[in-house]
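One structure is given below, encoded as structure tokens.
Residue numbers (full-length UniProt numbering): 1 to 686.
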């Protein structure tokens, strides 16, 4: 008897689905895409109305042969790739590669790999959605045009093997711009002042914070003097409550951010583990089951069935008081890319504890995070008791505020790491308006404003999402690309641009400002959405985009003629052949190489002098890089001399204390933080 054939992307997914469908169904994996644009050529012909030329991916011959064999035996064929644009495109290319005739196959999608979802998808089988295919095709063609037109310019000016991308170049610019902000940041002094006051009937004091701004120590001393000359009298007492709303269930972006901050996972690791949880894992006593819904989504919507199951579970475990009455719709006014649900567990009764012995530690931790977030989203807000007291003395106001958890609500399952001051509650409850408090002591502290924070993967994802750059399926690959290309390196959690990244971004800013413009890229994402909705023809978008790109490339070729980044002649003589060594770019930045290659293969590290002497030993300060590629300034005589600075040192000394000055944007700042002297950089040449 002829069987029904179901084609999916991965063996894990095939194994999970096979369990639900039984002996009348054969389930086989295509191992992802089977056709793509060629790697050796652009694969898109602007002269032929941008028609893409697809080829079979190398190594997929055996897979396709097996699939063709099974197609011949099947009475019905279902293409069950992932429920998004990429999945739709994989199904489309499978139909072409397998030469499936119209009407001989159907497309099925499911947001979760459960028995009901898979069987319902077969009942609601449909044709391939060509609008979704075209949206994916448009993205692929646009990225190919940008990459193949611009990358050769980077090869000419820097080194071969570099790449420019429509989205990756914007992400790189974001990181470069943030690094410039940090480098140019000049700390500003400010002070905090606490009056430690003793309440009647208590021995210990409570800190009341000064409510205004204090610029320096003189201002702090003036406030202390004036307050000490007066009585500390309570002028206002307020009691109340505040609530902390339950979080929304995870989208792709928020999952990546939370997994980074709570579990220290990279975006790529989070997506890899989430893919395993979605496709299915062998759980003791239950067999192979998909543990979460589809992992690439912008939506926070939850199905009625899942919502009801979660509410019932919460009532059984925590009681009626913990179930949320109304669930906020976080998608209000927001365009959702696909008709997906949020990321949630497929079975609310499969608790993290019940699978702990069946999965790795990392899979357990990620599933626990997703599970607890979903459960919390169906629960009531946390409620706090609050208190606020104002005390006046010498015309100055000092404040103290407290809060204590009154009702945990969702925090029973999903804590928010709050820092509360419960120890002061009882003391402050006894204070009334008009009460005179006794001064114990004053505590003043000097502070400096902090620069903007470095991008982390999580912060970059959030910023890209806020600016409409990329979509759920592109965040992790974009970050992986700029890391793999060594345009950016990661130290601990922070992302730092490398010398190579600065060079690439410099050329992109000079020659292709439109391509790396945030608004332009966000608008292009909106157009891709409209293609997916069937509103715009994909070739119209490409036709409108390409002429401007073509003009920009031609102008860039002229503009960059006089820019020489690599192969500069150094002042170092090759000790093996006597030629003057040249500066080249490698995977880790600049190095010295003999121009006599391949006859002479001598290379050595390149240290770029900045014309400033080391303040410790008097030798040259040079530009160096950490093992991962982050640039800093250090003494050429290391390790004998350990001087280093993240900011570029200046030849000018501080006129106040004589310390080294360093560059921060258009300013020169004293490297001695206690001095804090700042001057305009232009004075260096006066």
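Where a beta carbon is used, it is the ideal one built from N, C-alpha and C, also for glycine.
Check: Three-state secondary structure (DSSP) at residue 668?
Finding: The residue given as residue 668 occupies position 668 in the chain shown. The answer is strand: DSSP assigns residue 668 an E or B state.
Quick one: give me the first and last residue of the alpha helix (DSSP H) that residue 532 is part of.
As a position in the chain shown, residue 532 is number 532, starting the count at 1. Per DSSP, residue 532 belongs to the alpha helix (DSSP H) from 518 to 532.
**Message:** What does the Cβ neighbour count give for residue 90, buried or exposed, with the cut at 16 atoms within 10 Å?
**Reply:** Here the question's residue 90 lines up with position 90 in the chain shown. Buried, by the Cβ-count rule.
ask   = My guess is that residue 63 and residue 34 are in contact by the Cβ rule of under 8 Å, so how many angstroms apart are they, rounded?
value = Looking up residue 63 in the chain shown gives position 63. Looking up residue 34 in the chain shown gives position 34. Confirmed, Cβ separation roughly 7 Å.
In the DSSP assignment, what residue or residues form a beta bridge with residue 241? Within the chain shown, numbered from 1, the residue matching residue 241 stands at position 241. DSSP, once it has assigned bridges, lists 385 as partnering residue 241.
Start and end of the beta strand (DSSP E) containing residue 432? Taking the first residue of the chain shown as 1, we reach residue 432 at position 432. It is not in any beta strand (DSSP E) - residue 432 carries neither H nor E in the DSSP assignment.
Using the three-state DSSP reduction, which class does residue 486 fall into: helix, strand or coil?
If you number the chain shown from 1, residue 486 lands on position 486. Correct three-state label for residue 486: coil.
Can you check which of these residues, 400, 584, 253, 322, is closest to residue 156 by C-alpha distance?
As a first step, residue 156 must be located in the chain shown, where it is residue number 156. The residue with the shortest Cα to Cα distance from residue 156 is 584.
- prompt: Taking all protein chains shown into account, do 16 or more other C-beta atoms lie within 10 angstroms of the C-beta of residue 538, making it buried, or fewer, making it exposed?
  reply: Indexing the chain shown from 1 puts residue 538 at position 538. Counting Cβ neighbours within 10 Å, residue 538 comes out buried, since at least 16 surround it.
Q) Starting from residue 189 and walking both ways along the beta strand (DSSP E), at which residues does that stretch end? A) The residue labelled residue 189 in the question sits at position 189 within the chain shown. From DSSP, the beta strand (DSSP E) with residue 189 extends over 189 to 198.
Can you tell me which of the three DSSP states residue 635 falls into?
-> Taking the chain shown and counting its residues from 1, the one referred to as residue 635 is at position 635. Reduced to three states, the DSSP call for residue 635 is strand.
Original post:
Taking the alpha-carbon positions, what's the residue 608 to residue 489 distance?
Top reply: Within the chain shown, numbered from 1, the residue matching residue 608 stands at position 608. Within the chain shown, numbered from 1, the residue matching residue 489 stands at position 489. In this structure, the straight-line span from the alpha carbon of residue 608 to that of residue 489 is close to 21 Å.
Those runs of the beta strand (DSSP E) which lie wholly inside the segment 353 to 408 and span at least 3 residues
382 to 393, 396 to 407
(request) For the alpha helix (DSSP H) containing residue 154, list its first residue and its last residue. (result) As a first step, residue 154 is located in the chain shown; it is residue number 154 there, counting from the start. Counting along the chain, the alpha helix (DSSP H) containing residue 154 begins and ends at 130 to 157.
Notebook entry, point to check: Is DSSP giving residue 296 helix, strand or coil here?
Noted result: For this step, residue 296 is matched to residue 296 along the chain shown. Residue 296 carries a coil assignment under DSSP once its states are collapsed to helix, strand and coil.
message = At the level of alpha carbons, what is the spacing between residue 620 and residue 642?
response = As a working mapping, residue 620 is identified with position 620 in the chain shown. As a working mapping, residue 642 is identified with position 642 in the chain shown. Approximately 12 Å between the Cα atoms of the pair.
Q. Near residue 603, which residues of its chain fall below 8 Å by C-beta distance, leaving aside the five closest residues on each side in sequence?
A. Looking up residue 603 in the chain shown gives position 603. The answer, listed in chain order, is 591, 592, 593, 594.
Next on the checklist: Comparing C-alpha positions only, which one of 18, 412, 500 sits nearest to residue 246?
Outcome noted: On the chain shown, residue 246 is found 246 positions in, with the first residue counted as 1. Checked all of 18, 412, 500; the closest Cα to residue 246 is 412.
Distance between residue 198 and residue 204 (C-alpha atoms, nearest Å):
Position 204 of the chain shown, counting from 1, holds the residue named residue 204. Position 198 of the chain shown, counting from 1, holds the residue named residue 198. Approximately 6 Å between the Cα atoms of the pair.
Fill in: Coarse secondary structure for residue 41, derived from DSSP in three states
Locating residue 41 in the chain shown gives position 41, where the first residue counts as 1. If DSSP states are grouped into helix, strand and coil, residue 41 belongs with coil.
*Mapping DSSP to helix, strand and coil, what is residue 54?*
Residue numbering aside, residue 54 sits at position 54 when the chain shown is read from its first letter. Residue 54 falls in the coil class under three-state DSSP.
Decide yes or no for the touch test of the segment 214 to 221 against the segment 339 to 348: beta carbon pairs closer than 8 Å, at least 3 of them.
no
Which residues does DSSP list as the beta-bridge partners of residue 234?
Here residue 234 refers to the residue found at position 234 of the chain shown. Paired residues: 391.
- Can you tell me the Cα-Cα spacing of residue 25 and residue 5, whole angstroms? As a working mapping, residue 25 is identified with position 25 in the chain shown. As a working mapping, residue 5 is identified with position 5 in the chain shown. Taking the straight line joining both Cα atoms gives about 6 Å.
- request: Using the Cα positions of residue 686 and residue 680, report the straight-line distance between them to the nearest angstrom.
  value: The sequence position of residue 686 within the chain shown is 686, counting from 1. The sequence position of residue 680 within the chain shown is 680, counting from 1. In this prediction, residue 686 has a pLDDT of 42, which is less than 50 and means its spatial position is unreliable; what the coordinates show is noted afterwards. Taken atom to atom, the span from the alpha-carbon of residue 686 to that of residue 680 is near 11 Å.
| task | Would you mind sorting residue 668 into buried or exposed? The rule is 16 or more other CB atoms within 10 Å of its CB. | result | The residue given as residue 668 occupies position 668 in the chain shown. Buried: at least 16 other Cβ atoms inside 10 Å.
Contact between the segment 440 to 460 and the segment 115 to 132 is defined here as three or more beta-carbon pairs at a separation below 8 Å; is this criterion met?
no
Exposed or buried, what is residue 14 when buried is set at 16 or more other beta-carbons lying within 10 Å of its beta-carbon? Sequence index remark: in the chain shown, residue 14 carries index 14 (1-based). By the neighbour-count rule (16 or more Cβ atoms within 10 Å), residue 14 is buried.
Item checked: residue 345 in three-state terms, based on DSSP -> Along the chain shown, read from residue 1 onward, the residue named residue 345 stands at position 345. It is a strand residue.
- request: Within the segment 592 to 646, note down every full beta strand (DSSP E) run reaching 3 residues or more, in order along the chain.
  value: Runs of the beta strand (DSSP E) spanning 3 or more residues and lying entirely within the segment 592 to 646 occur at 603 to 605, 608 to 613, 620 to 625, 631 to 635, in chain order.
request  = Work out the CA separation of residue 228 and residue 395 for me, nearest whole Å.
outcome  = Against the chain shown, residue 395 aligns to sequence position 395. Against the chain shown, residue 228 aligns to sequence position 228. So the two alpha carbons sit approximately 11 Å from each other.
- residue 513: buried (16+ other C-beta within 10 angstroms of its C-beta) or exposed? Position 513 of the chain shown, counted from the first residue, corresponds to residue 513. Residue 513 comes out exposed.
**Message:** For residue 256 and residue 365, I'd like the C-alpha separation in whole angstroms.
**Reply:** Position 256 of the chain shown holds residue 256. Position 365 of the chain shown holds residue 365. Going from the Cα of residue 256 to the Cα of residue 365 covers about 13 Å.
Legend entry - DSSP bridge partner residues for residue 17 (one or two, in chain order): One-based indexing of the chain shown puts residue 17 at position 17. Answer by DSSP bridge pairing: none, since residue 17 is not bridged.
Rounded Cβ spacing between residue 445 and residue 192 (contact assumed at less than 8 Å) = The residue you call residue 445 lines up with position 445 of the chain shown. The residue you call residue 192 lines up with position 192 of the chain shown. Right, the Cβ-Cβ distance comes to about 5 Å (below 8 Å), so this counts as a contact.
What would DSSP say about residue 79, mapped onto helix, strand or coil? Here residue 79 refers to the residue found at position 79 when the chain shown is read from its first residue. Strand.
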